[in-house]
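This report concerns only the one structure given below.
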Amino acid sequence: MTILDNQRVIAIEEHYYDPEVVKHFDGRDGKLAGFLKKTLLDVGKARIDSMDEAGIDVQVLSHGAPSTQKLAADIGPGIAAAANDRLYEICQTNPDRLAGFANLATAEPVSAADELERAVKQLGFKGAMIHGLTGGELFIDDQRFWPIFERAEALDVPIYLHPGIPHEKVIEAYLGDYIEKYPGFLNAGWGFTLETATAGIRMVLSGVFKKYPNLKIILGHLGETLPFLMWRIDLALNRPGNDGVEFRKIFSNNFYITTSGFFSDPALMLCIQEMSADHILFAIDYPFVPNEPGPKWMERIMLNSVDKAKILHGNSEKLLKL
Ligand code: MN
Numbered sequence: 062m063t064i065l066d067n068q069r070v071i072a073i074e075e076h077y078y079d080p081e082v083v084k085h086f087d088g089r090d091g092k093l094a095g096f097l098k099k100t101l102l103d104v105g106k107a108r109i110d111s112m113d114e115a116g117i118d119v120q121v122l123s124h125g126a127p128s129t130q131k132l133a134a135d136i137g138p139g140i141a142a143a144a145n146d147r148l149y150e151i152c153q154t155n156p157d158r159l160a161g162f163a164n165l166a167t168a169e170p171v172s173a174a175d176e177l178e179r180a181v182k183q184l185g186f187k188g189a190m191i192h193g194l195t196g197g198e199l200f201i202d203d204q205r206f207w208p209i210f211e212r213a214e215a216l217d218v219p220i221y222l223h224p225g226i227p228h229e230k231v232i233e234a235y236l237g238d239y240i241e242k243y244p245g246f247l248n249a250g251w252g253f254t255l256e257t258a259t260a261g262i263r264m265v266l267s268g269v270f271k272k273y274p275n276l277k278i279i280l281g282h283l284g285e286t287l288p289f290l291m292w293r294i295d296l297a298l299n300r301p302g303n304d305g306v307e308f309r310k311i312f313s314n315n316f317y318i319t320t321s322g323f324f325s326d327p328a329l330m331l332c333i334q335e336m337s338a339d340h341i342l343f344a345i346d347y348p349f350v351p352n353e354p355g356p357k358w359m360e361r362i363m364l365n366s367v368d369k370a371k372i373l374h375g376n377s378e379k380l381l382k383l
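Residues are numbered in the numbering used here as their position in the sequence shown, beginning at 1, plus a constant of 61.
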């Protein structure tokens, strides 16, 4: 018998595609999923079979990037709401195995906040996932988006900040000359990290956690490098000439991180040391990462059984009320 045998395994960054949302993906976003598109569109038996084979009990489903973040304000809210209704139906086909994070059309922040409330109260969703820059331009810390965070705090649900492709000017200046040979440099190989770590730091700088002290933010990919960097960020932001901010304290308190697409022993150990196992949740990043290696990694990793149980299911049961 293995350690995982009698434990519930909940994976919380597990993607799918809604056929109507994905019709609007173009350019770099259209190319992103490539051969995985068929798997992303499958929310039926093959997905559950793959979960069974890997030993995953629950997938919390979220749309693949950039979801509804790049939809214009006039069409976005309707498309997001219809996608959420379909996601609800998907979850209803297997309510013990599937749960959902809402799609929000952030181009209309107040309507996105209303949709978050509807998705949580009427559809039973566990929070929302937001992917990268709204309209390919705007970081989510901008005050126009705060109605979403205000509502998330009031509903006591987390907002998952998922990577999207960086701003075109950043791609041009920092990444462009290598992405033909190494497309991964644009996404999980660095571009995603650059974009989402920046979003995480900007959230703290914006003061949103002063206004909404119980707001909970989830970052995937073991916190997008921020647990490793926070000591140094804290140092730099509190040097003379800076406004001063308790970056490390706020990050450790208001942020939760997941293991999505990052099954590294030393990286996880560092995250536990900086943030404690109470702030780390299990995730795969399916299907961008296959299911099987995740539970196997957790099974073999040198970690006490209490912390392992928190990461595998205890923390998500608490944070997502699963
Ligand atoms: Mn992902």
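Where a beta carbon is used, it is the ideal one built from N, C-alpha and C, also for glycine.
When the beta-carbon positions are compared, leucine 97 and proline 351 stay at least 7 Å from each other. Taken through DSSP and simplified to helix, strand or coil, phenylalanine 206 comes out as helix. For glycine 375, the secondary structure class from DSSP, reduced to helix, strand or coil, is helix. Arginine 147 places its beta carbon 7 Å or farther from that of valine 119. Ranked by Cα distance from glycine 322, the first of Leu296, Ile136, Trp358 and Glu335 is Trp358.
Nearest to leucine 247 by C-alpha distance, out of Thr259, Glu229, Ala260 and Arg263, is Glu229.
The stretch 133-149 and the stretch 197-205 do not touch, with fewer than three beta-carbon pairs separated by less than 8 Å. Rounded to whole angstroms, the gap between the alpha carbons of valine 218 and proline 227 is 26 Å.
Threonine 286 places its beta carbon 7 Å or farther from that of threonine 259. Contact between valine 121 and phenylalanine 162 holds: their C-beta atoms lie close to 6 Å from each other, under 8 Å. From the listed residues Asn376, Asp346, Glu360 and Phe289, the smallest Cα separation to glutamate 75 is found for Asp346.
One Cα belongs to tyrosine 149, the other to histidine 374, and the distance between them is close to 22 Å. A distance below 7 Å separates the beta carbons of leucine 276 and glutamate 214. Glutamate 74 has its Cβ nearer than 6 Å to a heavy atom of the ligand MN. C-alpha of histidine 192 to C-alpha of valine 181: approximately 19 Å in a straight line.
Beta-bridge annotation (DSSP): isoleucine 341 is paired with Ile318. Between alanine 174 and arginine 212, the gap from beta carbon to beta carbon is short of 7 Å. Distance from the CA atom of isoleucine 294 to the CA atom of alanine 168, rounded to whole angstroms, is 30 Å. For aspartate 346, the Cβ falls inside the 6 Å cut-off from some heavy atom of the ligand MN.
Partner residues in the beta bridge of methionine 190, as assigned by DSSP, are Asn164 and Tyr221.
Looking at the DSSP output, tyrosine 77 sits in a beta bridge with His124.
In the structure shown, alanine 144 falls within a helical segment according to DSSP collapsed to helix, strand and coil. In the displayed model, valine 119 falls within a strand according to three-state DSSP.
Classified as exposed, arginine 300 has fewer than 16 neighbouring CB atoms from the shown chains inside 10 Å of its CB.
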